[in-house]
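A.B. asks: Numbering of the sequence shown is given in the numbering used here, commencing with residue 1159 and proceeding in unit increments.
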Amino acid sequence: MVENQVKVDQLLQVIKNTFGLSGLSLLFSWLPMVFAIFLTEIKAVRFRKFIQTVTTLPNFISWVLVYSLAFSMLSSEGIVNGMLHQLGITDSPILFLQSSSHVWLTMWMWTTWKTLGWSAILYIAAIMGIDDSLYEAAEVDGATRMQVIRHVVLPSMLPTYFVLLMLQIASFLNNGLEQYFVFQNAFNKDHIQVLDLYVYNLAMGGGSYSVSVAISMLKSLISVVLLFSVNKLSKLLRGESIV
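1) By Cβ distance below 7 Å, which residues in the same chain neighbour V1340 in space, the five residues on each side in sequence not counted?
2) Would you call the stretch 1277-1288 in contact with the stretch 1191-1201, where contact means no fewer than 3 C-beta pairs closer than 8 Å?
3) Within this structure, are the beta carbons of W1124 and L1179 separated by less than 8 Å?
4) Under a Cβ-count criterion, where at least 16 other Cβ atoms within 10 Å of its own Cβ denotes burial, should W1266 be classed as buried or exposed?
5) Along the chain, where does the alpha helix (DSSP H) containing T1270 start, and where does it finish?
6) How about F1345 and S1258: do their beta carbons lie closer than 8 Å?
7) Taking I1252 as the reference, give the member of S1368, V1238, N1343 and G1397 with the closest Cα.
8) With a threshold of 6 Å on Cβ separation, who are the neighbours of Y1319 within its own chain once the five nearest residues in sequence on each side are excluded?
9) Would you be able to state if there are at least three C-beta pairs under 8 Å between the stretch 1291-1302 and the stretch 1373-1391?
10) Mapping the DSSP letters down to three states, classify P1216 as helix, strand or coil.
11) Name the two residues that bound the continuous alpha helix (DSSP H) containing T1318.
12) Let's test the definition: count the other Cβ atoms within 10 Å of the Cβ of N1343 and tell me whether it reaches 16, buried, or not, exposed.
13) So what's L1360 in DSSP terms, helix, strand or just coil?
14) Is I1247 buried or exposed, if buried means 16 or more other CB atoms sit within 10 Å of its CB?
15) Please classify A1328 as buried or exposed, where buried requires at least 16 neighbouring CB atoms within 10 angstroms.
16) Leaving out five residues on either side along the sequence, give the residues of the same chain with a beta carbon under 8 Å from the beta carbon of I1209.
17) Between the stretch 1285-1295 and the stretch 1359-1373, can you find at least three pairs of beta-carbon atoms closer than 8 Å?
18) Can you tell me where the alpha helix (DSSP H) holding R1308 begins and where it ends?
19) Reducing DSSP to helix, strand and coil, say where S1187 ends up.
20) Taking all protein chains shown into account, decide if Q1244 is buried (16 or more other Cβ within 10 angstroms of its Cβ) or exposed.
21) Applying the 10 Å Cβ sphere with the 16-neighbour rule, what's the burial state of Q1256?
22) Once DSSP output is grouped into helix, strand and coil, what is the label at S1234?
23) Taking buried to mean at least 16 other C-beta atoms within 10 Å of its own C-beta, is S1128 buried or exposed?
24) Which one of H1260, L1331 and V1212 has the shortest CA to CA distance from L1274?
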């Protein structure tokens, strides 16, 4: 009885972690769109290409290498702790990677750093597809650059944003596995374990293959239901659908 209660509590915590991390991603889903606008507003072509390249490259780095970078910077003997000690700010190392405090926020920040540039590409393409006559009309009307962004650029990007938002809602329970697998440890496991990682640990660590398969099937079913639900909602509110 006690063991079953522990498993239920663990599953509830896993669902809480999944909802928290996915909720953060949804809450800041507009960041790639804003970043794309920022890039296109840079007039220096070489500098713009440099920024775009630097922010896109992390998408092609595996999470194992990302963790290696994080470890070299944030471990007890890493660069950050070394600087803090030399400046006299701390007497003992801060265990950044072992701490369970704010683990959702740190995971979201690493995800954003890795995917921001790549996610902005579709929005940049949407901006490039805006009819030049709209810019010319805004210029004739004496619109400022901020007014052009508000009344010309943003409306042209919103269809792309809503399609990507619907796909993100449909995959609300799919946080992925690799990132959380490499960042998990005995200290933060309770707060970093999302549904995908929980299924993996359940099957490979606990040997409960039947339970992990059942959870995976249920997760896939919920994702399909979410997809058709947001698609129907979009059709009712916007008159457009993706399915």
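For glycine and all other residues, C-beta sits at the position ideal for the given N, C-alpha and C.
C.D. replies: In short, the structure shows the following:
1) Taking the first residue of the sequence shown as 1, we reach residue 1340 at position 182. Here the set comprises W1221, V1222 and Y1225.
2) yes
3) Within the shown structure, residues of the chain are numbered from 1159 to 1401, placing residue 1124 beyond reach of any answer.
4) Indexing the sequence shown from 1 puts residue 1266 at position 108. With 16 or more Cβ atoms within 10 Å of its Cβ, W1266 is classed as buried.
5) Numbered from 1 along the sequence shown, position 112 holds the residue referred to as residue 1270. Here the alpha helix (DSSP H) through T1270 covers V1261 to M1286.
6) As a first step, residue 1345 must be located in the sequence shown, where it is residue number 187. As a first step, residue 1258 must be located in the sequence shown, where it is residue number 100. A contact, by the Cβ cut-off of 8 Å.
7) Sequence index remark: in the sequence shown, residue 1252 carries index 94 (1-based). The candidate whose alpha carbon is nearest that of I1252 is V1238.
8) Indexing the sequence shown from 1 puts residue 1319 at position 161. So the list reads M1191, once near-sequence residues are dropped.
9) no
10) Translated into positions along the sequence shown, residue 1216 becomes position 58. Correct three-state label for P1216: helix.
11) Along the sequence shown, read from residue 1 onward, the residue named residue 1318 stands at position 160. Run containing T1318: L1312 to A1328, per the alpha helix (DSSP H) assignment.
12) One-based indexing of the sequence shown puts residue 1343 at position 185. It is exposed - the Cβ of N1343 has fewer than 16 other Cβ atoms within 10 Å.
13) Taking the first residue of the sequence shown as position 1, residue 1360 is located at position 202. The answer is helix: DSSP assigns L1360 an H, G or I state.
14) Residue 1247 sits at position 89 when you count from the first residue of the sequence shown. Classification for I1247: exposed.
15) Mapped onto the sequence shown, residue 1328 falls at position 170. With 16 or more Cβ atoms within 10 Å of its Cβ, A1328 is classed as buried.
16) The sequence position of residue 1209 within the sequence shown is 51, counting from 1. Excluding sequence neighbours, I1209 sits near L1197 and I1200.
17) no
18) Within the sequence shown, the letter at position 150 stands for residue 1308. Looking at the DSSP string, R1308 is not in any alpha helix (DSSP H), and its letter there is neither H nor E.
19) One-based indexing of the sequence shown puts residue 1187 at position 29. Reduced to three states, the DSSP call for S1187 is coil.
20) Within the sequence shown, the letter at position 86 stands for residue 1244. Exposed is the call here.
21) Walking along the sequence shown from the start, residue 1256 turns up at place 98. Q1256 comes out exposed.
22) Numbered from 1 along the sequence shown, position 76 holds the residue referred to as residue 1234. Note: S1234 maps to coil in three-state DSSP.
23) One cannot answer for residue 1128 here, as it falls past the ends of the chain, which runs 1159 to 1401.
24) Counting from 1 along the sequence shown, the entry for residue 1274 is found at position 116. The candidate whose alpha carbon is nearest that of L1274 is V1212.
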